[in-house]
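> In this text, residue positions in the sequence shown follow the working numbering: the first is 1000, and each later residue adds one.
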Amino acid sequence: MTGSVIVRTGHEVVDDRIVHNDHAISWEEADKRAGFRLDRRKSWAFIPDTDNLGEPELCSMVTFSLSCCDCTDEDPYRAGAKGWGCSACGYTGRSRQCYFVPHIHAGDPA
Ligand SMILES: [Zn+2]
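This is the structure in structure tokens:
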């Protein structure tokens, strides 16, 4: 997967769905904003801490899968959990998730 970088400036609710106001920025602009060179293979987002929670604004995307909640009753976070398959999960029993999580930069190795 090729990486990308966006700035999320907020969201609006359209037809009861959250639509994020994202716009793409260049890698050069993103590197400058982050203060270090971003990994081109990852997906990044700058999400300003508008609520002043002290969260870092740089986030990177994590993707994982868990069992499809439409076709199983068991704990979806149990490793290896799998539904029996339905139209929502394309009959795989698993559903893909992706989230932006705050990125903590460990700095360059010494
Ligand atoms: Zn399913």
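Even for Gly, the Cβ is constructed at its ideal location relative to N, Cα and C.
What residue range does the alpha helix (DSSP H) around Ala1029 cover?
1026–1033
> Should Cys1088 be counted as a contact of ligand 1 given a C-beta to heavy atom distance under 7 Å?
yes
> Please confirm whether Ser1094 and Ser1064 have their CB atoms less than 8 Å apart.
For Ser1094 and Ser1064, yes; Cβs fall inside 8 Å.
> Starting from His1010, follow the beta strand (DSSP E) in both directions and report where the run begins and ends.
1003–1013
> For Thr969, count neighbouring Cβ atoms within 10 angstroms of its own Cβ and tell me buried if that reaches 16, exposed if not.
Any question about residue 969 goes unanswered here, given that the chain covers just 1000 to 1109.
> Quick one: Cα of Tyr1090 to Cα of Thr1001, how far?
27 Å
> In terms of alpha-carbon separation, which member of Glu1027, Glu1028, Arg1007, Pro1055 lies closest to Val1018?
Arg1007
> In three-state terms, what does DSSP make of Ala1087?
helix
> Is Gly1002 near ligand 1, going by C-beta to nearest heavy atom under 7 Å?
no
> Taking Gly952 and Ser1059 to be in contact with their CB atoms under 8 Å, please state how far apart those CB atoms are, rounded to whole angstroms.
Outside the modelled stretch of the chain, which goes from 1000 to 1109, sits residue 952, for which no answer is possible.
> Spatial neighbours of Pro1101 within its chain, please: CB distance less than 7 Å, with the 5 preceding and 5 following residues excluded, ordered by chain position.
Glu1054, Pro1055, Cys1058
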